[in-house]
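Student:
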Amino acid sequence: MSERSKPNPDAQIGPVVSAAHLASGAMPALSEIEFAVTMMVNAYHRWMVRCMAASGSEGLGPLDVLVLHSVNHRGRAKTLSDICLVLNIEDTHTVTYALKKLEKAGLISSGRRGKEKTAEITADGEKACMEYRRLREALLVEPMKALGLDESELSRLAATLRLVSGNYDQAARAAAAM
57 MSERSKPNPD
67 AQIGPVVSAA
77 HLASGAMPAL
87 SEIEFAVTMM
97 VNAYHRWMVR
107 CMAASGSEGL
117 GPLDVLVLHS
127 VNHRGRAKTL
137 SDICLVLNIE
147 DTHTVTYALK
157 KLEKAGLISS
167 GRRGKEKTAE
177 ITADGEKACM
187 EYRRLREALL
197 VEPMKALGLD
207 ESELSRLAAT
217 LRLVSGNYDQ
227 AARAAAAM
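Numbered by the working numbering, the letters in the sequence shown go through residues 57 to 234 in order.
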């Protein structure tokens with residue numbers, strides 16, 4: 057065993073990050089958040105795709121699933137700009153592609169509101185969303201409830217993450233202007 061590979065019993069563990077060189081700056085906790093969000097996003101995307109497939113709608117990617125649920129939200133037709141704004145998506149062509157894919161699958165239909173194209177959920181799309189919801193309740197919500205997490209604390213965490221995302225958006229604009 058080389059000197060480098062020998063465990064050091066006095067070594068401190070943490071923070072848990074994916075890039076120590078980023079965590080060595082002035083705010084290591086932000087690197088912990090970034091790593092946790094990365095893990096969460098990847099797990100969430102995997103979950104959405106597999107749950108949608110189990111719901112009977114195979115072949116959809118994470119963005120397709122997000123767009124489908126967004127179109128289904130409140131049972132009203134949505135424009136491309138509505139969907140992009142809510143999902144904080146800058147690259148509208150990715151949502152346009154998802155809308156075309158969902159329409160081809162018969163899960164949404166397109167229409168018009170003035171000059172704007174709209175997307176509306178179909179009966180098959182509503183059925184797919186409700187089956188996804190049923191599976192989500194059984195496979196995800198019930199086990200999460202069993203953890204005994206405080207729902208108000210989870211809501212506070214969600215609000216904090218939304219606020220932090222605004223700082224990343226602002227930093228991205230600043231970086232683009234450099």
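Don't be surprised by glycine CBs; every beta carbon is placed ideally from N, CA and C.
Can you tell me which residues form a DSSP beta bridge with T174?
Tutor: Answer by DSSP bridge pairing, in chain order: T135, G167.
Student: For L141, which of K156, V123, G131, K157 has the nearest alpha-carbon?
Tutor: Comparing Cα-Cα distances from L141 to each of K156, V123, G131, K157, the minimum goes to V123.
Student: To the nearest whole angstrom, what separates the beta carbons of S111 and Y188, a pair I think is in contact under 8 Å?
Tutor: Going by Cβ atoms, the distance from S111 to Y188 rounds to 5 Å, so yes, they are a contact pair.
Student: Given a threshold of 16 other Cβ atoms within 10 Å of its Cβ, counted over all protein chains shown, does N128 qualify as buried or as exposed?
Tutor: Result: buried.
Student: Taking 6 Å as the limit between beta carbons, can you name the residues of its chain near P84, skipping five residues before and five after?
Tutor: Cβ within range, chain order: P71.
Student: Could you name each continuous alpha helix (DSSP H) segment of 4 residues or more that falls completely within the region 75–109, going from the start of the chain to the end?
Tutor: If we require 4 residues or more, the alpha helix (DSSP H) runs fully inside the region 75–109 come out as 76–79.
Student: One question on the structure: do S166 and A179 come within less than 9 Å of each other, judged by their Cβ atoms?
Tutor: Against a cut-off of 9 Å, the Cβ pair of A179 and S166 comes out as no contact.
Student: L205: buried (16+ other C-beta within 10 angstroms of its C-beta) or exposed?
Tutor: Exposed: under 16 other Cβ atoms inside 10 Å.
Student: Taking DSSP as the reference, what is the three-state secondary structure of D147?
Tutor: It is coil, neither helix nor strand.
Student: Just the C-alpha distance for A232 and Y224, rounded to the nearest angstrom, thanks.
Tutor: So the two alpha carbons sit approximately 12 Å from each other.
Student: Can you tell me which of C185, T94, T152, G162 puts its alpha carbon nearest to the alpha carbon of E172?
Tutor: Nearest of C185, T94, T152, G162 to E172, Cα basis: T152.
Student: Would you mind reading off the limits of the alpha helix (DSSP H) that contains Q226?
Tutor: Start and end: 207–232.
Student: Need the endpoints of the alpha helix (DSSP H) that H129 sits in, please.
Tutor: Segment: none, H129 is in no alpha helix (DSSP H) and carries neither H nor E.
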